[in-house]
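*Asks:* Can you read through this structure? Questions will come right after.
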Amino acid sequence: MLSRSAFIGSSLGISAMAAMRSPAAALAAAPPGASIVPPRIDAGRVIRTVVGLRPFRAAGFVLRAEPFGAKVLVHNYGHGGGGFSLSWGCATLAADFVADRSPARAAVLGCGVIGLTTARILQNRGWQVTIYASALPPMTTSNVAGAQWTPTTVFTTDGATPAFLDVFRKAARIANRAFQLMVGPAYGVRWLDNYVLKPDAQESGGEIDYATRVGIADLYADVEPVDPATVPFVGYKSIMRFSTMLMEPNTFLPAVQRDFLLQGGHIVVRSFRAPSEIAALHEPVVFNCTGLGSRALFGDTMLEPVRGQLTILEPQAAVDYIYLVSDPLLYMFPRSDGIVLGGTWERGNWSTTPDVATQARVLSGHEALFRKD
Ligand SMILES: Cc1cc2nc3c(=O)[nH]c(=O)nc-3n(C[C@H](O)[C@H](O)[C@H](O)COP(=O)(O)OP(=O)(O)OC[C@H]3O[C@@H](n4cnc5c(N)ncnc54)[C@H](O)[C@@H]3O)c2cc1C
38 MLSRSAFIGS SLGISAMAAM RSPAAALAAA PPGASIVPPR IDAGRVIRTV VGLRPFRAAG
98 FVLRAEPFGA KVLVHNYGHG GGGFSLSWGC ATLAADFVAD RSPARAAVLG CGVIGLTTAR
158 ILQNRGWQVT IYASALPPMT TSNVAGAQWT PTTVFTTDGA TPAFLDVFRK AARIANRAFQ
218 LMVGPAYGVR WLDNYVLKPD AQESGGEIDY ATRVGIADLY ADVEPVDPAT VPFVGYKSIM
278 RFSTMLMEPN TFLPAVQRDF LLQGGHIVVR SFRAPSEIAA LHEPVVFNCT GLGSRALFGD
338 TMLEPVRGQL TILEPQAAVD YIYLVSDPLL YMFPRSDGIV LGGTWERGNW STTPDVATQA
398 RVLSGHEALF RKD
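Residue numbers for the sequence shown follow the working numbering, so the first one is 38 and each next one is one higher.
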């Protein structure tokens with residue numbers, strides 16, 4: 038594993054490195070656990086509960102180009118629980134499919150994180166882009182995302198092929214670099230310490246084990262064990278710390294949408310019921326970034342919803358770190374629009390209605406992490 042400074046140094050050029058070093062160095066100076074303020078967790082602090090359906094495929098996302106009548110159709114959908122993290126990478130690889138064509142007009146179907154980033158990459162390569170989507174931010178699944186830079190829960194170990202994993206690693210690398218260069222309040226991206234909590238050292242699983250297994254561990258900075266006595270989490274004997282980025286969807290998505298419009302892009306609110314309606318569009322190249330919508334629109338029955346419910350507490354500025362527990366699933370993201378408490382991972386559940394019992398379980402699970410009795 039790389040130290041944080043080695044990681045940044047290996048990933049960026051000298052000038053970018055200088056620009057990023059100060060916040061990282063300041064973080065590195067703090068001993069593990071020094072800045073862990075427990076969040077104040079109780080039902081009275083809940084400001085909203087949101088539900089999103091992750092567009093999950095056991096075999097992983099679909100990234101492919103195919104002829105579509107006289108058009109070219111590029112699919113870029115099905116990113117499960119890691120679509121935010123992979124967005125810029127999959128967008129770049131999707132645009133590469135038409136790299137040998139002269140830039141012309143392109144239609145992008147979908148205005149979530151995948152559609153917006155695909156549209157921006159195309160614009161940067163000279164394409165004139167129109168986004169067609171039935172829902173725009175803040176009404177997309179992408180607005181519900183956590184959204185931490187951890188491209189996890191994107192496929193199953195049995196489902197993914199070696200060829201897919203190669204593409205996955207490529208996309209993860211491109212996207213990680215892209216988000217590094219967007220750190221700051223304009224896009225709502227920042228580096229944060231993560232604490233991975235396990236009941237004992239023998240238990241496998243967790244973010245770093247996963248990243249090692251799939252070959253992207255070098256994208257996680259400053260991985261180190263933490264002495265449980267130095268942190269306020271109760272009942273966890275094995276604690277690892279690493280550093281990654283947290284994206285604020287409600288800052289990032291409007292910012293990228295604004296960039297798209299300022300670059301001359303157009304957005305049309307429209308719902309497609311059948312491929313024939315897409316064939317009638319005037320753009321010769323179409324990118325399908327409809328997420329879970331691809332199941333009905335293109336008949337991809339491998340695509341399934343994985344329901345996630347998040348309980349949001351009022352913002353708490355002193356809470357400035359993330360924690361992750363795999364079993365039972367619990368995670369906390371400190372965002373400027375609230376303290377985000379997960380987690381749920383319900384395969385095949387199409388309900389977008391918040392569940393009161395789930396909220397109570399999530400609140401008491403998080404509260405117990407800090408209970409000293
Ligand atoms: C609770 C939760 C937590 C998450 N946390 C993280 C995280 O920490 N990190 C991370 O990387 N990812 C996370 N994700 C996953 C991430 O949110 C998704 O992978 C990502 O948002 C998918 O983006 P998308 O653009 O493909 O889909 P969407 O955001 O759903 O956008 C799809 C777009 O297509 C349009 N569309 C669909 N069908 C049609 C149609 N027929 N006609 C016209 N338009 C159509 C929609 O209107 C929308 O504009 C989380 C997800 C959830 C639910």
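Beta carbons are placed, not taken as given, at the ideal position from N, Cα and C, and that holds for glycine.
What you are looking at is a predicted structure, and each value in this text was computed from that prediction instead of being measured.
Hey, ALA131 and PHE324 are a contact pair by Cβ (cut 8 Å); roughly how many whole angstroms apart?
*Replies:* 6 Å
*Asks:* Can you tell which of GLY252, HIS116, ARG82, VAL111 has the C-alpha that lies nearest to the C-alpha of PRO92?
*Replies:* The residue among GLY252, HIS116, ARG82, VAL111 with its C-alpha nearest the C-alpha of PRO92 is HIS116.
*Asks:* For the putative contact between ILE264 and PHE279, defined by C-beta atoms under 8 Å, what is the C-beta separation to the nearest angstrom?
*Replies:* Note that residue 264 is Asp in the sequence shown here, rather than Ile. The Cβ separation is near 16 Å, so there is no contact.
*Asks:* Excluding the 5 residues flanking THR390 on each side, which residues of the same chain have their C-beta closer than 8 Å to its C-beta?
*Replies:* VAL88
*Asks:* Have a look at PRO352 and GLY81 and give me their C-alpha separation to the nearest angstrom.
*Replies:* 13 Å
*Asks:* Report the three-state DSSP secondary structure of VAL181 (helix, strand or coil).
*Replies:* helix
*Asks:* Please confirm if the stretch 330-344 is in contact with the stretch 374-384, defined as three or more CB-CB distances below 8 Å between the two stretches.
*Replies:* yes
*Asks:* To the nearest angstrom, report how far apart MET219 and PHE289 are at their CA atoms.
*Replies:* Those two C-alpha atoms are separated by around 9 Å.
*Asks:* Leaving out five residues before and five after PRO94 in sequence, what residues of the same chain have Cβ atoms less than 6 Å from its Cβ?
*Replies:* The sequence as given places Arg at residue 94; Pro does not occur at that position. Annotation for ARG94: GLY115, MET339, LEU340 place their beta carbon closer than 6 Å to its own, counting only its chain and skipping 5 residues before and after.
*Asks:* Ordered along the chain, which non-local residues of its own chain (more than five positions away) have a Cβ less than 6 Å from that of ILE304?
*Replies:* ILE168
*Asks:* Grab the span of the alpha helix (DSSP H) containing LYS207 for me, first residue to last.
*Replies:* 199-217
*Asks:* Check each candidate in VAL145, PRO75, GLY402, GLY106 and name the one with the smallest Cα separation from VAL306.
*Replies:* Comparing Cα-Cα distances from VAL306 to each of VAL145, PRO75, GLY402, GLY106, the minimum goes to VAL145.
*Asks:* Take ALA66 and list the residues in its own chain whose beta-carbon comes closer than 8 Å to its own, dropping the five residues that flank it on each side.
*Replies:* Any reading at ALA66 needs caution, since the residue's pLDDT is 46, under 50, leaving its predicted position unreliable; the model's value is listed next. Nothing listed; no residue qualifies.
*Asks:* If you follow the beta strand (DSSP E) that PRO76 is in, where does it begin and where does it stop?
*Replies:* Per DSSP, PRO76 belongs to no beta strand (DSSP E) and is neither H nor E.
*Asks:* In this structure, what does DSSP give as the bridge partners for GLN165?
*Replies:* Under DSSP, GLN165 shares a beta bridge with ARG142.
*Asks:* Under DSSP, the alpha helix (DSSP H) around VAL403 begins and ends at which residues?
*Replies:* According to the sequence provided, residue 403 is His. The question's Val does not apply to it. Taken as a continuous stretch (DSSP letters only), the alpha helix (DSSP H) holding HIS403 covers 393-405.
*Asks:* Measuring from the CB of CYS127, is there a heavy atom of ligand 1 at a distance below 7 Å?
*Replies:* no
*Asks:* Does PHE247 come out as helix, strand or coil in the three-state DSSP assignment?
*Replies:* Per the sequence shown, the amino acid found at residue 247 is Tyr instead of Phe. Looking at TYR247 - three-state DSSP - the assignment turns out to be helix.
*Asks:* Would you identify the three-state DSSP class for ARG408, choosing helix, strand or coil?
*Replies:* coil
*Asks:* Does the distance from the CB of SER275 to the CB of LYS235 come in under 8 Å?
*Replies:* yes
*Asks:* If I measure Cβ to Cβ from TYR358 and keep anything under 8 Å in the same chain, skipping five residues before and after, which residues do I get?
*Replies:* SER72, ILE73, LEU229, ASP230, ASN231, TYR232, PRO371
*Asks:* Taking buried to mean at least 16 other C-beta atoms within 10 Å of its own C-beta, is ILE51 buried or exposed?
*Replies:* The pLDDT assigned to ILE51 is 29, lower than 50, so where the model puts this residue is not dependable, and the model offers no usable value.
*Asks:* What do you reckon, is the C-beta of PHE289 under 7 Å from a heavy atom of ligand 1?
*Replies:* Incorrect: PHE289 has no Cβ contact closer than 7 Å to ligand 1.
*Asks:* Within a Cβ cutoff of 7 Å, which residues of the same chain sit near ILE245, ignoring the five residues on either side of it in sequence?
*Replies:* VAL233, ALA254, TYR257, VAL260, MET277, PHE279
*Asks:* How would you call PRO199, buried or exposed, if buried means at least 16 neighbouring beta carbons within 10 angstroms?
*Replies:* Exposed is the call here.
*Asks:* Mark LEU100 as exposed unless 16 or more other C-beta atoms lie within 10 angstroms of its C-beta, in which case mark it buried.
*Replies:* buried
*Asks:* Taking only three categories from DSSP, how would you classify ARG307?
*Replies:* coil
*Asks:* Can you find the residues in the same chain that come closer than 6 Å, C-beta to C-beta, to THR154, ignoring five residues on each side of it along the sequence?
*Replies:* SER124, TRP125, ALA128
*Asks:* In the structure shown, what three-state DSSP assignment does GLU314 receive?
*Replies:* helix
*Asks:* Taking just the CA atoms, how far does THR193 sit from GLY97?
*Replies:* Roughly 8 Å separates the two Cα atoms.
*Asks:* Who are the Cβ neighbours of ILE349 in its own chain at under 8 Å, not counting the five residues just before and after it?
*Replies:* VAL83, ILE84, ARG85, THR86, VAL87, ASP374, GLY375, ILE376, VAL377, LEU378
*Asks:* Going by alpha carbons, who is nearest to VAL251 out of GLY147, SER388, LEU202?
*Replies:* That would be LEU202, whose Cα lies nearest to the Cα of VAL251.
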